[in-house]
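This report refers to the structure that appears directly beneath it.
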Amino acid sequence: MEVSSVSSNEDGRDRIARLTTGMWVSQALMAGCRLRIADHLVNGPLEVSELASRTNSNPCNLYRLLRALSSVGIFEEMPVQKVFRNNELSELLTSDHPSGMKYWVELYDHESWTAWGNLFEAVKQGRSAMECSTSCNIFEFLSRPDHAERASTFDKAMQAKSKLYLERFDAAVFAGFKKIIDIGGGLGTFLQKILDEHPEVTGVVFDQADMIARALQCRSTPPGEASRLSFESGNFFEEVPAGGDAYVLKWILHDWDDDSCRKILTTCRQAMIRGCGPSELVSKRLFILDRIVPTGNTFSHSKWFDLNMMVICPGRERMLEEFESLLASSGFKLVNVILLELESNAVLQCTIVV
Numbered sequence: 005m006e007v008s009s010v011s012s013n014e015d016g017r018d019r020i021a022r023l024t025t026g027m028w029v030s031q032a033l034m035a036g037c038r039l040r041i042a043d044h045l046v047n048g049p050l051e052v053s054e055l056a057s058r059t060n061s062n063p064c065n066l067y068r069l070l071r072a073l074s075s076v077g078i079f080e081e082m083p084v085q086k087v088f089r090n091n092e093l094s095e096l097l098t099s100d101h102p103s104g105m106k107y108w109v110e111l112y113d114h115e116s117w118t119a120w121g122n123l124f125e126a127v128k129q130g131r132s133a134m135e136c137s138t139s140c141n142i143f144e145f146l147s148r149p150d151h152a153e154r155a156s157t158f159d160k161a162m163q164a165k166s167k168l169y170l171e172r173f174d175a176a177v178f179a180g181f182k183k184i185i186d187i188g189g190g191l192g193t194f195l196q197k198i199l200d201e202h203p204e205v206t207g208v209v210f211d212q213a214d215m216i217a218r219a220l221q222c223r224s225t226p227p228g229e230a231s232r233l234s235f236e237s238g239n240f241f242e243e244v245p246a247g248g249d250a251y252v253l254k255w256i257l258h259d260w261d262d263d264s265c266r267k268i269l270t271t272c273r274q275a276m277i278r279g280c281g282p283s284e285l286v287s288k289r290l291f292i293l294d295r296i297v298p299t300g301n302t303f304s305h306s307k308w309f310d311l312n313m314m315v316i317c318p319g320r321e322r323m324l325e326e327f328e329s330l331l332a333s334s335g336f337k338l339v340n341v342i343l344l345e346l347e348s349n350a351v352l353q354c355t356i357v358v
């Protein structure tokens with residue numbers, strides 16, 4: 005039987021339908037990752053029956069899942085029906101791929117997916133959607149002992165994102181500094197890369213106690229590095245380490261509302277000026293690495309990450325003017341902005357207002 009199709013330009017109704025059903029692709033991708041399909045295909049093509057056996061899945065439904073994912077470029081069905089192999093995109097989803105994309109996909113499953121279902125309530129109530137569904141934000145959720153596996157996924161996703169960020173980031177901006185303090189630095193992936201490129205620099209990763217414990221647990225210290233990179237725990241709303249001439253806030257301020265950000269910026273400023281004279285303050289810098297929301301109707305990842313912040317925590321992505329106002333009210337001045345080719349990310353270089 006010959007099957008013919010009618011070609012037509014997509015009108016508004018088609019586009020709305022496509023946007024509405026975008027969640028289907030997200031959930032299919034998450035299911036494929038949780039089943040570790042890419043891992044099972046790493047040595048070559050397999051029949052669905054074999055994949056079903058390895059993943060303890062229903063063969064018919066697994067085929068339907070993989071057929072759908074193949075239609076959007078994830079996996080590839082071979083000419084022999086019901087035999088699949090990895091392709092360029094699905095290879096990124098293997099557990100040991102350097103990109104860590106599998107964990108980035110899984111980050112948006114479970115509690116994040118449930119929270120997005122409460123976006124309507126978040127808009128109505130003026131609080132995060134996750135608070136509407138779990139009575140806590142993402143960081144409180146991940147700190148609970150019974151959520152250790154989700155915390156591990158979060159760490160791996162952030163580590164993967166940092167590696168991607170570093171591919172677009174010019175570490176030369178830190179040339180000339182002696183000691184860098186990375187506030188909320190997580191596992192230390194970002195700061196370690198900076199130290200690798202600047203052998204004369206030392207650094208401190210500062211984060212919550214549970215995060216520092218995870219960082220130390222997964223860290224393998226190269227010979228000679230112990231004295232150059234150290235880890236300290238604490239609460240950045242109360243105090244951060246002094247003694248640095250460069251301070252970094254990477255993807256931190258977007259987690260919090262303006263009042264909370266002012267508290268963080270204030271503790272940074274206090275640490276930067278502690279024991280320093282006016283001449284020393286001139287050379288000190290605060291680097292904020294975050295997304296900038298552009299004005300107008302053009303598409304920007306930052307506008308959608310802003311919604312994600314509304315969903316999972318009390319934070320937000322900000323426009324440049326909002327950053328300038330936030331900094332000015334906290335005793336800082338924005339002196340330079342470097343735009344990066346990654347999801348509207350930028351490096352904001354700030355000085356202390358004396």
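Residue numbers (the working numbering): 5 to 358.
All C-beta atoms in this analysis are idealised placements derived from N, C-alpha and C, irrespective of residue type, glycine included.
Between the stretch 113-127 and the stretch 182-194 there are fewer than three C-beta pairs closer than 8 Å, too few to call the two in contact.
Just measuring C-alpha positions, the residue of L346, M162 and V315 sitting nearest Q129 is V315. Under the 8 Å Cβ criterion, the stretch 305-323 counts as touching the stretch 333-351, having at least three qualifying pairs. V358 and E284 have their C-alpha atoms roughly 11 Å apart. If you look at E326, you'll find it in the alpha helix (DSSP H) that goes L324 to A332. Taking a C-beta distance under 7 Å as the contact criterion, E345 and R172 qualify as a contact pair. Taking the Cβ atoms as the reference, Q353 lies roughly 19 Å from R266, outside the contact range of under 8 Å.
In the three-state reduction of the DSSP assignment, C37 falls in the helix class, which pools H, G and I. Listed as beta-bridge partners of A155 by DSSP are no residues whatsoever. The C-alpha of H44 lies about 12 Å from the C-alpha of R38. Every alpha helix (DSSP H) of 4 residues or more that sits fully in the stretch 124-193 is shown, in chain order, as 133-138, 142-146 and 152-172.
Its Cα nearest to that of H114, the residue S137 stands out among A72, S137, V205 and F194. Ranking S329, H258 and R295 by CA distance to the CA of C317 puts H258 first.
Rounded to the nearest whole angstrom, the C-alpha separation of L311 and G281 is 42 Å.
Shortest Cα-Cα distance from F88 to any of E110, V109 and L55 involves L55. Contact between the stretch 154-169 and the stretch 104-113 is established, with three or more Cβ pairs separated by less than 8 Å. In the structure shown, C354 adopts extended strand secondary structure according to DSSP, grouped into three states. In this structure, DSSP gives K288 a state outside helix and strand, which the three-state scheme calls coil.
In this structure, C272 is the residue among R17, V341, C272 and D294 with its C-alpha nearest to the C-alpha of S334.
DSSP places F210 in the strand class (E or B) of the three-state scheme. Separation of T25 and H202 (C-alpha to C-alpha, rounded to the nearest whole angstrom) is 47 Å.
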